[in-house]
Amino acid sequence: MAVVRINPSSEEYRRFVHLYEVARALRPSKIDRWNRELYATVGEADCWGSLQPDGSFKFSKELVFDKLGDHATPQERVQALTTVLHESNHARVQIDAADEPNAVRSRHSKSLDEGLTEWISVDDVAMFADRAGYGELPDPPAAYPAAYHAANSLLEYPAGADAARRTADRAIDAPVVMRWDVITDEIVKNKLADVVPRDPQHQQAARAELINAMTQLSWGHLDTSQPIVGPVVARDTTRALDNATQRVRDHYTKSPSTPYPTKTASAVSQPHDPGAEMRVLTGLAPAAQAPLSMPELGDRARTDAAHGRVSSSRRGSPNRFGRPVVREP
């Protein structure tokens, strides 16, 4: 696989900038992590796109750039557009949130980030395609099917399927490590408002207990799991949340003035090597693995892709057409 730099004066670059601006207009944000560098992977069959740790984007030439033009089927085009939208959504939020007790700085947040970002991207892509001038296109298959399924179940838990979009809209705007906290805030509002005092200390403690229940081991690598794992994790997470919600309710029924006794989510998720976990979330590699400079598209120069860094990338999961679909922060 070769990696080539897209020249800012090229048609490919201008087309991507147009799509990126449409994506940002669809979901405005003060955060913009893209550094305006754009790369194409040539001969990459597994990863459709990624936002790199240095702020650059990489997309597959064959699967994305070549499918944004006129010579593509509607299904190929919508998958390419969903990839661009997914990666653009990664660039509009921060990853960490300093001094937040309910921040989850572990691999669990990576899986939720991919599932949630894909959920939002699949939901938004019809409007995105229309505003970008592509017109009506078929529905895309979801990448990260296991994480997508589990995230969908999680979004529906607070108040049902009809309210899932509201929860998703709140969560996608939060830093990556705070998505769990946003979802549990919706759970407390909808399922525990009659017993949990509105005092911030009580609210935070209740959310922490729910977060600790949700962030099970099975969420740790859900973004790379087979599709069949998603429903299992969704079921187990629902069961864990049911039990945790009942524990919180029982506590406040007996001791309404005492905050729920639990460890903060950040304390529970804090690894032995916190730097290692943040490298997973940010996609940063050790210095020895830093990428080489890349040639521009059109120069025909090539670099060894092994020197590149894996970050938030839309990676392959089997879709209904029997080939991988990959997108990604």
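Per the UniProt record's numbering, the sequence shown starts with residue 1, numbered consecutively. Where is the CB? At the ideal position from N, CA and C, for every residue including glycine. Just so we're clear, the structure is a prediction, and the values are computed from it rather than from any experiment.
(1) What's the gap between the Cα of glycine 69 and the Cα of leucine 63?
(2) Give a yes or no on whether the C-beta atoms belonging to leucine 241 and tyrosine 144 are separated by under 9 Å.
(3) In chain order, what are the residue ranges of uninterrupted beta strand (DSSP E) at least 3 long that sit wholly in the stretch 28-104?
(4) Is the beta carbon of alanine 159 less than 9 Å from the beta carbon of threonine 167?
(5) In the structure shown, what three-state DSSP assignment does valine 195 receive?
(6) Go to valine 17, then tell me how far its alpha helix (DSSP H) extends in each direction, as first and last residue.
(7) Looking at C-alpha atoms only, which residue of Arg107, Thr184, Asp124 is the closest neighbour of alanine 147?
(8) Please state whether DSSP places alanine 129 in a helix, a strand or coil.
(9) Ignore the nearest five residues each way along the sequence and tell me which others in glutamine 203's own chain have a CB closer than 8 Å to its CB.
(10) Need the endpoints of the beta strand (DSSP E) that alanine 2 sits in, please.
(11) Rounding to the nearest angstrom, what Cα-Cα distance links glycine 115 and alanine 150 in this structure?
(12) On the criterion of 16 or more Cβ atoms from any shown chain inside 10 Å, does aspartate 223 qualify as buried, or is it exposed?
(13) Within this structure, are the beta carbons of arginine 131 and valine 232 separated by less than 9 Å?
(14) Taking one C-beta from the stretch 121-137 and one from the stretch 48-67 each time, how about it: are there three or more such pairs within less than 8 Å?
(15) If you draw a straight line from the alpha carbon of alanine 205 to that of arginine 249, how long is it in whole angstroms?
Taking the geometry as given:
(1) If you number the sequence shown from 1, residue 69 lands on position 69. If you number the sequence shown from 1, residue 63 lands on position 63. The straight-line gap from Cα to Cα measures roughly 11 Å.
(2) Mapped onto the sequence shown, residue 241 falls at position 241. Mapped onto the sequence shown, residue 144 falls at position 144. Cβ atoms of leucine 241 and tyrosine 144: not closer than 9 Å.
(3) Taken in chain order, the complete beta strand (DSSP E) segments of 3 residues or longer contained in the stretch 28-104 are 38-42, 47-51, 57-60.
(4) If you number the sequence shown from 1, residue 159 lands on position 159. If you number the sequence shown from 1, residue 167 lands on position 167. Yes.
(5) Along the sequence shown, read from residue 1 onward, the residue named residue 195 stands at position 195. Reduced to three states, the DSSP call for valine 195 is coil.
(6) Here the question's residue 17 lines up with position 17 in the sequence shown. Per DSSP, valine 17 is one residue of the alpha helix (DSSP H) stretching across 11-26.
(7) Position 147 of the sequence shown holds residue 147. Of the candidates Arg107, Thr184, Asp124, the residue whose Cα lies closest to the Cα of alanine 147 is Arg107.
(8) Residue numbering aside, residue 129 sits at position 129 when the sequence shown is read from its first letter. Correct three-state label for alanine 129: helix.
(9) As a first step, residue 203 is located in the sequence shown; it is residue number 203 there, counting from the start. Correct list, in chain order: Asp185, Val188, Val196, Pro197.
(10) Here residue 2 refers to the residue found at position 2 of the sequence shown. In the DSSP assignment, alanine 2 falls within the unbroken beta strand (DSSP E) covering 2-5.
(11) Counting from 1 along the sequence shown, the entry for residue 115 is found at position 115. Counting from 1 along the sequence shown, the entry for residue 150 is found at position 150. So the alpha carbons of these two residues sit roughly 7 Å apart.
(12) What you label residue 223 is simply residue 223 of the sequence shown in a count that begins at 1. So aspartate 223 counts as buried.
(13) By one-based count along the sequence shown, residue 131 stands at place 131. By one-based count along the sequence shown, residue 232 stands at place 232. Between arginine 131 and valine 232, the C-beta gap is not smaller than 9 Å, which leaves the two residues out of contact.
(14) With a cut-off of 8 Å, the stretch 48-67 and the stretch 121-137 do not count as touching, because too few Cβ pairs lie within range.
(15) Against the sequence shown, residue 205 aligns to sequence position 205. Against the sequence shown, residue 249 aligns to sequence position 249. Using only the alpha carbons, I get a separation of about 12 Å.
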